[in-house]
Amino acid sequence: QATTTSHNLMKRLEHGAESEMEVDKLRSQVVMQQATLQAERREMEQLRLELQQMQEEKARRLAAEAAEVERMRLQVEAVMSIQAIARAWLVRVRFMNLGDKGRRAAFEAKMAEMKRREEVKKKMAQKKKVASMEEELASLRIQCAVRSRKAKRDVETKKKEKKE
Numbered sequence: 001q002a003t004t005t006s007h008n009l010m011k012r013l014e015h016g017a018e019s020e021m022e023v024d025k026l027r028s029q030v031v032m033q034q035a036t037l038q039a040e041r042r043e044m045e046q047l048r049l050e051l052q053q054m055q056e057e058k059a060r061r062l063a064a065e066a067a068e069v070e071r072m073r074l075q076v077e078a079v080m081s082i083q084a085i086a087r088a089w090l091v092r093v094r095f096m097n098l099g100d101k102g103r104r105a106a107f108e109a110k111m112a113e114m115k116r117r118e119e120v121k122k123k124m125a126q127k128k129k130v131a132s133m134e135e136e137l138a139s140l141r142i143q144c145a146v147r148s149r150k151a152k153r154d155v156e157t158k159k160k161e162k163k164e
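Here full-length UniProt numbering is used: position 117 in the sequence shown is 117, and no number is missing along the way.
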């Protein structure tokens with residue numbers, strides 16, 4: 001709009017103004033509008049850079065959070081694995097101390113059942129983990145979209161405020 005106004009002022013100058021004072025006034029208005037336009041362009045570029053920096057910071061933060069979640073998940077898996085091994089050794093020691101062949105067979109059956117249960121638990125845990133990660137990813141995408149829209153609105157609001 002400032003450019004259109006500048007063009008209008010220049011046309012008025014070319015087609016003959018009423019007085020030298022009016023010509024000087026129009027020229028000063030053109031110069032002021034061009035300076036304002038340049039300032040607004042600089043501010044718009046600065047706002048664009050700020051938005052880009054915010055988006056990059058958000059991406060870094062999300063990556064760090066994802067790494068922390070993965071680290072914690074691995075720790076939980078390690079603890080659960082140690083717990084399963086300890087439980088198996090306790091059962092083994094209990095049955096081995098009895099020395100009875102029938103009990104030994106029961107022990108082997110119990111161990112096979114425990115292994116099967118552990119495998120089922122692992123599969124269920126993996127399915128839950130995948131579902132949880134998918135939900136978290138969807139949530140992060142929604143948060144990213146909301147923040148991006150908010151940042152764009154803030155940029156537009158600042159532009160409007162500067163124009164006023």
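Every residue, glycine too, gets a C-beta built ideally from N, C-alpha and C.
(1) Spatial neighbours of Lys162 within its chain, please: CB distance less than 7 Å, with the 5 preceding and 5 following residues excluded, ordered by chain position.
(2) Contact check, Val91 vs Lys110 under 8 Å by CB: the rounded distance?
(3) Compute the Euclidean distance between the alpha carbons of Ala17 and Gln55, then round it to the nearest angstrom.
(4) Please return the same chain residues whose Cβ sits closer than 6 Å to the Cβ of Met124, not counting the five positions on each side in sequence.
(5) Within 8 Å, do at least three Cβ pairs link the segment 116-133 to the segment 48-63?
(6) One question on the structure: do Glu118 and Ala84 come within less than 8 Å of each other, judged by their Cβ atoms?
Once the coordinates are examined:
(1) Here the set comprises Glu40 and Glu43.
(2) 6 Å
(3) Here the model assigns Ala17 a pLDDT of 49, short of 50, so the residue's position is not dependable and the matter cannot be decided.
(4) none
(5) no
(6) Contact check for Glu118 against Ala84 passes: the beta carbons are separated by less than 8 Å.
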